[in-house]
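First to last, the protein sequences are chains F, X, W and B. Sequence positions in the first sequence follow the numbering used here and run 336 to 691. Sequence positions in the second sequence follow the numbering used here and run 336 to 691. Sequence positions in the third sequence follow the numbering used here and run 336 to 691. Sequence positions in the fourth sequence follow the numbering used here and run 336 to 691. Glycine included, C-beta positions come from ideal geometry on N, C-alpha and C. A short worksheet on the structure shown next.
Protein chains: 4
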Amino acid sequence: MAGSTFGTNFTITTFGESHGKAVGVVLDGCPPMIELSVEDVQKELDRRRPGQSKVSTPRDESDTVEIYSGIFEGKTTGTPIMMMVFNKNQMSRDYNAVKDLFRPGHADFTYYSKYGVRDHRGGGRSSARETIGRVCAGAVAKKILSRSGVTIQAYVIQVGPHKAEKRDLGIVEENIIRTCDLDAAKKMEEYIVEAKEAGDSVGAIVEVIVKGVPVGVGEPVFDRLNALISHAIMSIPAVKGIEFGKGFEAALMRGSEHNDEMIKYGFLSNNAGGTLGGMASGQDIIFRFVVKPASSITVPRKGIDLYGNEKTVITEGRHDPCVAPRVVPVAEAMTGVVLVDLIMSDKAIANYFEKK
Amino acid sequence: MAGSTFGTNFTITTFGESHGKAVGVVLDGCPPMIELSVEDVQKELDRRRPGQSKVSTPRDESDTVEIYSGIFEGKTTGTPIMMMVFNKNQMSRDYNAVKDLFRPGHADFTYYSKYGVRDHRGGGRSSARETIGRVCAGAVAKKILSRSGVTIQAYVIQVGPHKAEKRDLGIVEENIIRTCDLDAAKKMEEYIVEAKEAGDSVGAIVEVIVKGVPVGVGEPVFDRLNALISHAIMSIPAVKGIEFGKGFEAALMRGSEHNDEMIKYGFLSNNAGGTLGGMASGQDIIFRFVVKPASSITVPRKGIDLYGNEKTVITEGRHDPCVAPRVVPVAEAMTGVVLVDLIMSDKAIANYFEKK
Amino acid sequence: MAGSTFGTNFTITTFGESHGKAVGVVLDGCPPMIELSVEDVQKELDRRRPGQSKVSTPRDESDTVEIYSGIFEGKTTGTPIMMMVFNKNQMSRDYNAVKDLFRPGHADFTYYSKYGVRDHRGGGRSSARETIGRVCAGAVAKKILSRSGVTIQAYVIQVGPHKAEKRDLGIVEENIIRTCDLDAAKKMEEYIVEAKEAGDSVGAIVEVIVKGVPVGVGEPVFDRLNALISHAIMSIPAVKGIEFGKGFEAALMRGSEHNDEMIKYGFLSNNAGGTLGGMASGQDIIFRFVVKPASSITVPRKGIDLYGNEKTVITEGRHDPCVAPRVVPVAEAMTGVVLVDLIMSDKAIANYFEKK
Amino acid sequence: MAGSTFGTNFTITTFGESHGKAVGVVLDGCPPMIELSVEDVQKELDRRRPGQSKVSTPRDESDTVEIYSGIFEGKTTGTPIMMMVFNKNQMSRDYNAVKDLFRPGHADFTYYSKYGVRDHRGGGRSSARETIGRVCAGAVAKKILSRSGVTIQAYVIQVGPHKAEKRDLGIVEENIIRTCDLDAAKKMEEYIVEAKEAGDSVGAIVEVIVKGVPVGVGEPVFDRLNALISHAIMSIPAVKGIEFGKGFEAALMRGSEHNDEMIKYGFLSNNAGGTLGGMASGQDIIFRFVVKPASSITVPRKGIDLYGNEKTVITEGRHDPCVAPRVVPVAEAMTGVVLVDLIMSDKAIANYFEKK
């Protein structure tokens with residue numbers, strides 16, 4: 336199956352490997368006449384790029400995007416938008432040590448098993464560099480959504496045992512963790528740096544809030560808003576779980592607590608996380624997802640080589656001790672793509688035939 | 336968007352509302368020459384049907400399935416299989432009291448907002464009766480998978496605060512909770528009955544284990560095995576979160592703990608839950624999902640009517656105090672559909688072109 | 336691949352075989368609040384049904400449709416509409432003579448080769464009865480289109496050597512050939528009856544005209560209006576070719592003749608058949624397709640049996656000597672489905688984001 | 336709707352406009368371990384490139400392809416293959432004269448009507464340059480098919496009134512018309528040159544023959560082999576009709592003539608063109624399509640400008656007087672893409688589940 340396209344009416348098709356020539360995306364189905372500059376896209380990419388801070392990989396990739404099609408005189412034309420970033424700072428020699436090894440927790444084992452190809456130069460298609468194309472497309476999605484007053488913001492709420500107690504969304508882009516609680520930020524940073532110095536990595540939880548989604552967005556029964564967002568977010572490397580509203584806590588609740596009461600002007604709570612029956616309820620969409628600790632670490636681990644021999648694996652190279660801060664823009668991007676796709680689909684029904 | 340079809344090569348299209356004539360499914364892309372009887376399907380439906388026990392709704396719907404196409408002389412023909420159950424025990428009068436009301440936590444508000452239709456007779460398309468079609472299709476999927484030694488089992492692991500400590504999978508179908516720990520079963524049952532007597536409902540967590548999936552199943556980058564399963568499971572009514580392997584606990588772990596070490600004959604742990612890079616690793620696929628407490632309760636709650644007036648809402652009728660035991664076969668069904676779809680797609684590549 | 340679903344946002348999924356229990360369709364993505372009665376659908380089915388006249392099969396199947404879902408109080412609800420017709424007048428004994436034979440020109444050879452199943456009772460899924468589901472869905476599509484002033488009409492323009500010289504569209508439903516020229520109708524009828532008496536069948540050409548399609552409908556580059564219509568029409572049994580506007584005659588023309596000149600209020604000709612660059616130009620959409628003579632005839636022909644032995648094949652039974660009159664509503668249906676799908680998709684872009 | 340992706344399991348997504356930076360394609364779902372070099376692709380592109388001969392446009396675009404992803408050490412990896420050609424010889428000044436004009440028979444009217452964008456520099460997305468991406472993907476498809484012994488060949492059989500009487504397929508690439516009859520080639524060439532000197536263009540018919548397709552390829556009922564090929568071929572710019580086997584001539588035939596008789600070792604004729612019931616019959620697949628005379632001519636024609644004023648339109652620039660010779664590789668490419676997609680899908684069913 337061709338698994339590199341996502342979406343129905345507004346689609347993204349990503350391409351490229353970590354150590355190939357380039358990575359990018361074709362965005363199709365974009366409405367015409369949307370103002371779009373390279374800067375709009377680059378701004379989002381800069382939030383994702385490596386080398387931003389001491390808690391991300393020291394690889395310094397500038398990741399400069401170029402737009403190859405779909406734009407004329409600063410506006411979208413309605414035709415496919417191809418955006419691409421050349422790979423530059425690929426130190427393949429970093430990978431010589433693991434050339435014949437399968438790294439524990441890494442996709443190189445499954446890629447080799449499925450495709451029979453061993454690209455020893457790096458993560459190949461499983462690399463987080465693939466998400467560059469997603470962020471480019473997401474920049475366009477966010478631009479489109481902003482015209483209708485829809486905003487998406489992701490932020491880190493937990494790193495190891497350290498949780499954000501506050502939701503101060505104004506400071507997210509001002510701290511290197513991209514968390515919403517400055518007190519927690521300090522502890523999270525120390526926790527990550529400590530793991531990094533030990534050659535290890537840490538897990539984290541990211542929350543996403545979407546404001547302004549009109550009531551009814553989402554397509555029963557399979558393309559529910561929450562189901563499509565789950566598909567999109569779970570397709571991001573390292574994500575291992577997702578929950579909406581109260582999420583897993585709902586197991587401990589009774590209906591009389593969990594169900595959000597309604598009054599004339601809205602809801603009295605948002606335990607559902609903004610969806611009812613798979614459609615937006617008009618409340619904020621709120622969900623959380625967990626990212627596992629990255630697999631590329633220098634702590635020695637038991638692994639095997641291509642021939643089945645047991646080996647001790649140490650992954651040198653320049654990897655993220657915590658991927659969460661850089662996953663933030665990727666999560667926003669994927670959420671944006673889902674929303675534009677669903678909103679366009681929904682209005683197809685509502686506007687044309689009904690309001691005519 | 337047409338949201339009632341799921342899958343790419345092996346697709347299910349469900350139809351029908353709770354108080355319409357019938358509910359059912361068209362399963363397309365099924366391989367030919369698979370032995371399939373009405374009993375194979377009915378057996379799974381019986382696990383889903385109402386009125387099974389004191390912890391499910393007292394509505395006694397026999398839910399007898401009939402197969403209308405795609406079978407000849409007891410075998411599939413490769414053409415679409417239509418399976419349908421007539422709705423019988425629809426006590427619409429139960430709904431008169433909520434005829435003009437939006438029930439808190441219920442999809443009637445979003446359905447009305449999106450479609451402008453008020454089917455006061457019941458849940459309509461948002462009703463759990465829609466999942467009958469899924470279970471029928473899942474019965475076929477499980478039959479196909481069993482030929483290749485793939486098995487899927489779901490079971491309840493938590494109801495309210497009561498957790499299953501054991502994983503005794505042999506007893507799951509022998510207790511009305513469908514849990515894997517007989518000691519816990521008793522407490523869970525008491526907890527549900529107590530809530531039921533109070534006119535309330537409770538949440539729960541279900542775990543699913545899949546054995547025998549070949550390495551490599553899953554299509555990077557968007558149609559990862561875990562992403563498609565998440566899409567499928569999150570599309571089941573009342574599901575609010577899903578996690579694979581260690582799931583959200585991964586936030587507390589380090590890479591050196593979470594990454595599953597490999598030795599000559601396999602893995603030393605399964606923190607990943609059976610996928611690496613979105614493809615099956617050859618280990619068991621393990622995931623969990625949470626179901627919220629049902630919205631139809633008799634505890635009075637604040638709601639509004641169609642005209643925006645504030646009302647006290649009490650949902651009489653015969654509803655499940657805990658949907659988890661009846662969600663078990665639905666989760667197995669959706670997991671089966673995803674797996675057959677992905678395996679067929681995968682082998683398309685592997686077999687024909689490579690091994691020829 | 337699951338080939339029984341057609342469309343993207345407005346989809347039809349047909350099911351059923353000629354000698355199974357029933358044939359039908361699930362129509363998904365239908366806008367809500369469209370008035371729809373069983374009569375709206377039955378009316379179209381009656382135009383397709385067997386036994387209408389001496390130029391169609393004498394099988395007298397009433398083909399009574401029932402709607403099982405998606406309608407409430409006489410209106411669509413936006414959820415899947417399932418429509419089904421039970422098979423009644425199946426004289427399987429007619430097929431005993433060809434039980435083990437592959438009929439020349441018939442799909443039983445390829446079905447058996449692909450699926451390994453021999454349903455000796457009749458055409459199975461390749462039977463024209465499969466088109467019943469299409470006509471049901473098309474009835475809904477035409478209803479939707481009529482709200483926007485879009486009309487679709489098909490009619491026979493050639494049977495054997497006899498061509499319609501006129502385009503008198505008002506008389507199409509008043510003659511059993513469904514042609515647009517009463518003089519030609521007589522000759523066509525004689526020609527068909529003569530072939531029928533000889534146990535033979537004849538080919539024909541059908542033209543379709545669509546009025547009122549807004550400029551711009553069609554999605555470059557692959558989902559062009561003409562490409563999707565071609566896909567849809569060529570999927571009808573017995574259709575062997577399609578052409579738009581001047582069609583194959585364009586090979587003989589120069590650009591200065593073929594290109595349609597434009598003036599202030601429109602075009603001076605319609606050689607293109609109503610599309611430019613794959614999008615509707617605002618002119619009438621005009622295309623023609625050819626149906627081959629049916630394969631089920633009593634003229635003895637060389638064929639083989641399941642075991643490869645050469646046999647003389649005579650197909651008794653009650654078959655259409657010319658399928659064209661009964662293909663007319665099927666072609667209208669498929670054209671309608673394509674148009675609703677494309678218009679809904681198109682307006683998704685245009686309305687919501689641009690006009691807001 | 337996102338219309339720039341074609342295919343289900345083996346997909347192509349094209350991007351780029353005639354006067355943008357580049358045109359290209361992302362090919363997804365390609366099996367791994369297929370040897371593929373830039374030369375394999377370039378060879379096909381050279382057959383499509385402008386400036387080949389006196390019957391094609393004098394624009395001399397070298398159209399050099401580069402592969403950006405999906406290849407490692409000379410073999411496909413199973414991940415998306417991005418191939419791109421930079422636009423070089425864009426003389427936008429040629430278009431100044433038609434800057435505000437809609438050219439009769441040209442897509443600039445519908446593009447402007449739909450998207451509201453006027454890219455006066457040239458054909459934009461409707462330009463035949465878009466087919467560069469298709470030819471690149473087709474080169475890969477043909478490589479894959481050749482491993483299984485499937486070959487595709489297209490050739491011109493009619494230009495204006497001049498028809499190829501012979502089918503000498505060995506000489507097709509040796510004459511500038513790409514016809515299969517050297518005697519006809521001379522007359523066709525003269526006919527095209529004459530039109531070219533008059534500032535005019537001519538139409539033509541192309542035939543395609545596919546050998547070696549296994550019995551059963553094609554997915555009933557909508558994704559029939561002939562229906563998908565029709566979709567693919569009708570999506571090529573300037574194509575106005577398609578027919579299989581005897582095509583429109585079938586209207587004149589009786590069933591006893593048209594139906595292909597079968598004997599022990601095959602068929603006695605191929606009037607059907609190689610499909611029965613929408614699936615390959617094992618015979619050669621044969622179809623023909625017509626290309627209209629190109630719209631860009633210097634013969635003065637009546638047209639309108641952006642504001643509705645009537646104007647005389649003369650399209651200077653360097654255009655093809657007959658597009659057929661350059662459409663030949665595009666038709667082969669699209670046919671190849673359809674076949675790989677269907678074969679991969681088909682074997683999904685046949686191999687894995689049945690032969691295991």
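Following the continuous beta strand (DSSP E) through residue 402/W, name the residue where it begins and the one where it ends. Per DSSP, residue 402/W belongs to the beta strand (DSSP E) from 400–402.
8 Å CB neighbourhood of residue 550/X in its chain, flanking five on each side removed: 614, 615, 616, 617
Check whether the segment 565–574 of chain X and the segment 663–678 of chain X touch, using three or more Cβ-Cβ pairs below 8 Å as the test. The segment 565–574 of chain X is in contact with the segment 663–678 of chain X.
Any C-beta of chain F under 8 Å from that of residue 683/W: Residue placement at residue 683/W cannot be trusted, given a pLDDT of 46 that sits under 50; the coordinates are not used to answer.
Looking at the secondary structure, which residues open and close the beta strand (DSSP E) in which residue 486/B lies? Where residue 486/B is concerned, the enclosing beta strand (DSSP E) starts and stops at 486–494.
Going by DSSP, name the residue or residues bridged to residue 611/X. Residue 611/X is bridged to 614/X.
I'd like to know if residue 343/X contacts chain B, where contact means its C-beta is closer than 8 Å to some C-beta of that chain. Chain B, which has a Cβ nearer than 8 Å to the Cβ of residue 343/X, makes this yes.
Given a limit of 7 Å on CB to CB distance, which residues of the segment 486–498 of chain F reach chain X? 493, 495, 496
List, in chain order, every chain B residue whose beta-carbon is nearer than 8 Å to that of residue 580/W. 575
Quick one: using the 10 Å Cβ neighbour count with 16 as the cut-off for buried, is residue 481/W buried or exposed? With fewer than 16 other Cβ atoms within 10 Å, it is exposed.
Within chain X, the residues that residue 463/W reaches when beta carbons sit closer than 9 Å: Those within 9 Å of residue 463/W in chain X number zero; the least Cβ separation is about 15 Å.
Option in 571/W, 594/W, 463/W with minimal Cα separation from residue 653/W: Nearest neighbour of residue 653/W by Cα position, chosen from 571/W, 594/W, 463/W, turns out to be 463/W.
Going by DSSP, which residues form a beta bridge with residue 370/X? 410/X
Simplified DSSP assignment, three categories, for residue 500/F: coil
DSSP state of residue 581/B, grouped into three classes? coil
Inter-residue spacing [alpha-carbon to alpha-carbon] between residue 354/W and residue 465/W: 11 Å
Which of helix, strand or coil does DSSP assign to residue 683/X? Unreliable positioning characterises residue 683/X in this predicted model, as indicated by a pLDDT of 45, which lies under 50. The coordinate reading is nonetheless provided below. Helix.
Cβ atoms of residue 514/X and residue 499/X: under 8 Å apart, would you say? Yes, they are a contact pair.
For the beta strand (DSSP E) holding residue 359/F, just list the boundary residues, first then last. Start and end: 357–363.
Closest by C-alpha distance to residue 572/W, when choosing among 342/W, 680/W, 469/W: 469/W
On the DSSP letters alone, give me the boundaries of the alpha helix (DSSP H) that residue 445/W sits inside. It spans 443–450 - the alpha helix (DSSP H) in which residue 445/W sits, taken as one unbroken run.
From residue 591/F to residue 432/X, what distance separates their C-alpha atoms? Between the alpha carbons of residue 591/F and residue 432/X lies a gap of roughly 18 Å.
Please state the DSSP three-state secondary structure of residue 590/X. helix
Hey, would you say residue 412/B sits closer than 8 Å to residue 454/F, going by beta carbons? Using a Cβ distance threshold of 8 Å, residue 412/B and residue 454/F count as a contacting pair.
For residue 662/W versus residue 626/W, is the C-beta spacing smaller than 8 Å? yes
Considering residue 420/W, what are the terminal residues of the beta strand (DSSP E) in which it resides? For residue 420/W, the enclosing beta strand (DSSP E) stretches over residues 416–421.
Can you look up residue 661/X in the DSSP assignment and give me helix, strand or coil? In this structure, residue 661/X counts as helix in the three-state DSSP scheme.
Quick one: is residue 379/X buried, meaning 16 or more other Cβ sit within 10 Å of its Cβ, or exposed? So residue 379/X ends up on the buried side.
In the DSSP assignment, what residue or residues form a beta bridge with residue 546/F? 486/F
Please determine if the segment 389–404 of chain F and the segment 356–376 of chain B are in contact, where contact requires at least 3 C-beta pairs separated by less than 8 Å. The answer is yes - the segment 356–376 of chain B touches the segment 389–404 of chain F, with three or more Cβ pairs under 8 Å.
Please state whether DSSP places residue 689/F in a helix, a strand or coil. Note that residue 689/F has pLDDT 38, beneath the 50 cutoff, so the model's placement of it is unreliable and the number below is only indicative. Residue 689/F falls in the helix class under three-state DSSP.
Candidates 490/B, 598/B, 534/B, 575/B: closest to residue 503/B by CA position: Residue 490/B is the option with its Cα nearest to residue 503/B.
Would residue 644/F be called buried (16 or more neighbouring beta carbons within 10 Å of its own) or exposed? So residue 644/F counts as exposed.
Just the C-alpha distance for residue 408/F and residue 484/B, rounded to the nearest angstrom, thanks. In this structure, the alpha-carbon of residue 408/F lies about 48 Å from that of residue 484/B.
What does the alpha-carbon distance come out to for the pair residue 449/B and residue 375/F? 25 Å
Which same chain residues end up closer than 8 Å to residue 555/F when comparing Cβ atoms and leaving out the 5 residues on each side of it in sequence? Around residue 555/F: 612, 613, 614.
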